[in-house]
Amino acid sequence: HKSHLASFAHKFRCSRRRPSSALWGAMTRGDSHGDVEVATASKVCVLGGGAFGTAMAHHLAAKGSNVTIWALEKEVVESINTRHENDMFLPGFPLSERLVGTQDIKEAVTGAEMVLLIIPTPFIARWVNENQRLLPWDVPLVCCSKGVEESTLRTPYEILVDELPGKYHSQLCVLSGPSFAKEVVSGLPTNITCAAKCHEVAQRVQSFVSTRTFRAYTAADIVGAELCGAVKNVLAIACGASDGLGFGDNARAALITRGLAEMARLIVRKGGKATTVTGLAGVGDLVLTCSSTLSRNYTVGKGIAEGRTKPNVGNAVAEGVITSLALHRLAEKLGVSMPICDSVYQVIHGGLPIKQALAGLQSRSLKSEDDDVAWHPEAGSDDDDGQRAAAGHGDVRAHSLRPAGVSAL
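Numbering-wise (our numbering), the sequence shown opens with residue 1199 and increments by one.
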């Protein structure tokens, strides 16, 4: 009974917070899915002054929005306001004059038509508890953070749902996909995914962030988008280590491909869609992160293999270092086999020699590639059907994992 009431309440809230008829008419046209017109928000707030937060703030300012970025570090705010550059986290890239920095959260969010939350996952819960009263509840709140909270095993979206009052929930959106900060701030072509329960919110975010060089797609699978973003960082460490040991392109391709299988198993077990791994949040971000020296996680893995970097558990730069521990616990709790991610965990947190870990992946018992995820077109609820139709996924749905348990890699 409570679940039905919750579902009804969500749909009611979503329908009530539709943009005004004039704005909606300007944003959509065409068929029942609505072809979204690109729009420019008058003001955008970015909460988090790291590299990606700065890159997104500049991107939106360059599009024409007035952007205020809140940063914890006084040096970041001073650098942005006096030199139009983030010397601490994104040095060498000039920033738009429409972008201003502040340490005053109220100043940052006042009048914003969209808020981007880009705070490291371990600190989201405390930050939201301390500042929730300042956040607007009637504009999209876009979470760009990635990872899994170590103590609770919650994703950033799950943290926001737990910590924010219900009036915020229909406006929540997750942004994910292949998007290095240095390339975004440089205006290079980038494609990402905006995932939200309320399709109209996803479309609004899509409209506000899209330009000729920055293209956004909408999706409904928040679970999949977030878990892809968390798992890919751990897999990137494995790929960097493989390259550092000189294992070659074949090995990296195998790690990426079988890593996708691990992603899919975890996503389906958590109630998401296995097909999400084939999109930008999945294979798109994974290939990028696992094959470029711009990837902090890839670089850490490569450095460990070459003996140049110690796997510091307190490393706040390479997200996969901390996420590997949370993923190990989450997979163990859910009974999901994730041997590649577990090998990274064993190296970083268990002291397993890296050569032994990677070699061990090849010496396990042989499996069938068909045993990973069962697909059944008839599976899924009516609500799932609506979400998938809105996201353009078609009729194929991922069924729960096989009754006999989750297959190993």
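Backbone N, C-alpha and C define an ideal beta-carbon position, used for all residues, glycine too.
Taking all protein chains shown into account, decide if residue i is buried (16 or more other Cβ within 10 angstroms of its Cβ) or exposed.
i            : result
residue 1273 : exposed
residue 1497 : buried
residue 1533 : exposed
residue 1261 : buried
residue 1297 : buried
residue 1541 : buried
residue 1365 : exposed
residue 1494 : buried
residue 1363 : exposed
residue 1557 : exposed
residue 1401 : buried
residue 1499 : buried
residue 1284 : buried
residue 1636 : The question about residue 1636 has no answer here: the residues shown for the chain are numbered 1199 through 1607.
residue 1247 : buried
residue 1568 : exposed
residue 1478 : buried
residue 1350 : exposed
residue 1577 : Any reading at residue 1577 must be qualified, since the residue scores a pLDDT of 36, below 50, and its modelled position is unreliable; no value is offered.
residue 1331 : exposed
residue 1483 : buried
residue 1347 : buried
residue 1345 : buried
residue 1446 : exposed
residue 1343 : buried
residue 1551 : exposed
residue 1531 : exposed
residue 1354 : buried
residue 1431 : buried
residue 1440 : buried
residue 1566 : exposed
residue 1263 : buried
residue 1377 : buried
residue 1460 : buried
State the Cα-Cα distance for the pair residue i and residue j, rounded to the nearest angstrom.
i            : j            : result
residue 1516 : residue 1472 : 26 Å
residue 1252 : residue 1314 : 11 Å
residue 1380 : residue 1411 : 14 Å
residue 1519 : residue 1435 : 8 Å
residue 1564 : residue 1233 : 47 Å
residue 1356 : residue 1427 : 14 Å
residue 1392 : residue 1425 : 14 Å
residue 1492 : residue 1442 : 15 Å
residue 1257 : residue 1562 : 46 Å
residue 1311 : residue 1303 : 15 Å
residue 1507 : residue 1308 : 43 Å
residue 1390 : residue 1547 : 32 Å
residue 1539 : residue 1505 : 20 Å
residue 1326 : residue 1474 : 28 Å
residue 1255 : residue 1554 : 43 Å
residue 1237 : residue 1559 : 48 Å
residue 1535 : residue 1367 : 32 Å
residue 1318 : residue 1245 : 11 Å
residue 1360 : residue 1329 : 15 Å
In this structure, what does DSSP give as the bridge partners for residue i?
i            : result
residue 1264 : 1241
residue 1417 : 1393
residue 1635 : Because the chain spans 1199 through 1607 in this model, residue 1635 falls outside it and cannot be assessed.
residue 1378 : Beta-bridge pairing links residue 1378 to no other residue.
residue 1284 : 1288
residue 1371 : 1340
residue 1300 : 1268
residue 1350 : Answer by DSSP bridge pairing: none, since residue 1350 is not bridged.
residue 1388 : 1412
DSSP three-state label for residue i, please.
i            : result
residue 1488 : coil
residue 1342 : coil
residue 1482 : helix
residue 1474 : helix
residue 1534 : coil
residue 1412 : strand
residue 1270 : coil
residue 1507 : coil
residue 1334 : coil
residue 1234 : coil
residue 1550 : coil
residue 1565 : coil
residue 1202 : Because residue 1202 carries a pLDDT of 47, less than 50, the predicted location of this residue cannot be relied on, and no value is offered for it.
residue 1516 : coil
residue 1320 : helix
residue 1295 : coil
* Count the CB pairs spanning the segment 1395-1409 and the segment 1274-1281 that are closer than 8 Å, and state whether there are at least three. => no
* Asked: Given 8 Å as the limit, is there contact between the segment 1322-1339 and the segment 1288-1297, that is, 3 or more CB pairs closer than that?
  -> No: fewer than three Cβ pairs fall under 8 Å.
* Stretch pair the segment 1456-1471 + the segment 1410-1425: three plus CB contacts closer than 8 Å -> The segment 1456-1471 makes contact with the segment 1410-1425; the number of CB pairs closer than 8 Å reaches 3 or more.
* To do: Spell out a yes or no on whether the segment 1451-1461 and the segment 1372-1391 are touching, meaning 3 or more CB-CB pairs, one atom from each, closer than 8 Å.
  => no
* To do: Would you check if there are 3 or more beta carbon pairs closer than 8 Å linking the segment 1262-1271 to the segment 1243-1252?
  => yes
* Count the C-beta pairs between the segment 1387-1406 and the segment 1315-1323 that are closer than 8 Å, then say yes if the count reaches three, no if not. => no
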